[in-house]
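In the numbering used here, the protein residues as written are 589 to 976.
We put the beta carbon where it would ideally sit given N, CA and C, even for glycine.
Nothing here was measured: the structure is a model prediction, and the numbers come from that model.
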């Protein structure tokens, strides 16, 4: 049986990073939906992220997205975040929203475009230096739409060259998180389409390059927990982008579409000894809250990950190991299902109460009046959004 005291300690120590862009306006490819009270600048995004941490106690860092979160003084932005009790997390680059990148960024056949894109990656590392960020998050929309449009191997060579230059600029305690995506916006061939491609480039680069798994970036039926187990075994799993999807890259709230999958992923994290923040995995959210209110949705996402983690920690691993070694298929599955079917909400309520938090973060947020205040205060100016 699981040691409940140890489970509570692990849950209290858990850390989940929130994304600045999730607090801004977002939508589908057809329409971005505006909401009252949405942040107008990076400072207001950080204030909202700090509010999520205040009610959950486990979200002490916020990821930035450049240029969406561009400011004149990043050291000052860091100080502002710290004054609110949070820190700056991963710095995300953007090499997909410029007309120059129509045929790709770092893999573009035009050397001038490749230089422009690589310079942006280097700029992001300078921002990391100023903010104290450890993680450089790279996602490339690069790819081609038609057979023959460009040379597949040449594009991999160009990608490797840009990654090497970027890697060599990293500080001693900084690292690359290389994300992948199965398709879209490139529909014939994507330059980093899967975890194997990302893994291969990270191996080529060195120990400061690791894979980022976005839980929405896989073909239907992909066994994501296998990928987690493999990358943990190779010490190459650096981060998650947690979200949910029903069809493609929906970016819905973590645990909304398939909470059992989230449990299975978190079990592999627990089984691999990788839950402790000291292990180094960055458990980030990457979500676009198109129709739901931003802050409560982020709080709910954090809670969903906490619940999946609690269930994973409750797996009777001794009983599971015995059943596996005995070849008892049904019993092994039953051990996992017993943990998954446990209602862990009372346990998490205790963990929050022990930390001096309200047992129900969403209800506490709604009572706080914060939503009403930001709706009243954030009138005028340009609302933040992800620019679709």
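Subject >> Straight-line Cα distance separating residue 937 from residue 681 >> reply: 37 Å
Do you know how far the Cα of residue 712 is from the Cα of residue 772?
-> 24 Å
Quiz item: Under the DSSP definition of a beta bridge, which residues are partnered with residue 994?
Solution: No answer is possible for residue 994: the residues shown for the chain start at 589 and end at 976.
### Message
Contact criterion: CB-CB distance below 8 Å. Does residue 648 meet it with respect to chain D?
### Response
Absent from the structure: chain D. Only one protein chain is present.
key: Length of the line joining the Cα atoms of residue 746 and residue 808   = 30 Å
Do the region 729-737 and the region 766-781 make contact, defined as three or more Cβ pairs closer than 8 Å? yes
Q.
Assuming contact is defined by CB atoms lying nearer than 8 Å, are residue 722 and residue 970 in contact in what I supplied?
A. no
Check whether the Cβ atoms of residue 890 and residue 646 sit closer than 8 Å, and answer yes or no. yes
- Task: May I have a chain-ordered list of the beta strand (DSSP E) segments no shorter than 3 residues that lie completely inside the region 846-909?
- Result: 870-873
Under three-state DSSP, which class holds residue 654? coil
| message | Measuring straight from C-alpha to C-alpha, what distance separates residue 787 and residue 894? | response | 27 Å
So for residue 614, helix, strand or coil by DSSP?
strand
Query raised in the report: Under 8 Å between the Cβ atoms of residue 666 and residue 720?
Result: yes
### Message
Measuring straight from C-alpha to C-alpha, what distance separates residue 609 and residue 638?
### Response
14 Å
Ranges of the beta strand (DSSP E) found wholly within the region 641-696, counting only runs of at least 3: 649-653, 675-680
- With DSSP as the reference, please indicate the residues paired to residue 726 in a beta bridge. 766
- Over what stretch of residues does the beta strand (DSSP E) that includes residue 991 continue unbroken? Residue 991 cannot be examined here, being either before or after the span of the chain that is shown, 589 to 976.
- Query: Quick one: Cα of residue 915 to Cα of residue 870, how far?
  - Reply: 35 Å
| Skipping 5 residues on each side, what residues in its chain have a beta carbon closer than 6 Å to that of residue 796? | 758, 763
**Request:** Can you tell me which of 679, 631, 738 puts its alpha carbon nearest to the alpha carbon of residue 697?
**Result:** 738
For residue 814, the first and last residue of its enclosing beta strand (DSSP E): Element bounds for residue 814: not the beta strand (DSSP E) but the alpha helix (DSSP H), 812-821.
Give the straight-line distance between the Cα atoms of residue 826 and residue 876, rounded to the nearest whole angstrom. 22 Å
- Task: Please work out which residues of its chain come closer than 7 Å, Cβ to Cβ, to residue 755, disregarding the five sequence neighbours upstream and downstream, and give them in chain order.
- Result: 764, 793, 794, 796, 797
Any idea if residue 987 is buried or exposed, counting beta-carbon neighbours within 10 angstroms, 16 or more meaning buried? A query on residue 987 cannot be resolved here, the shown segment of the chain reaching from 589 to 976 and no further.
- Message: Rounded to the nearest angstrom, what separates residue 847 and residue 700 at their Cα positions?
- Response: 45 Å
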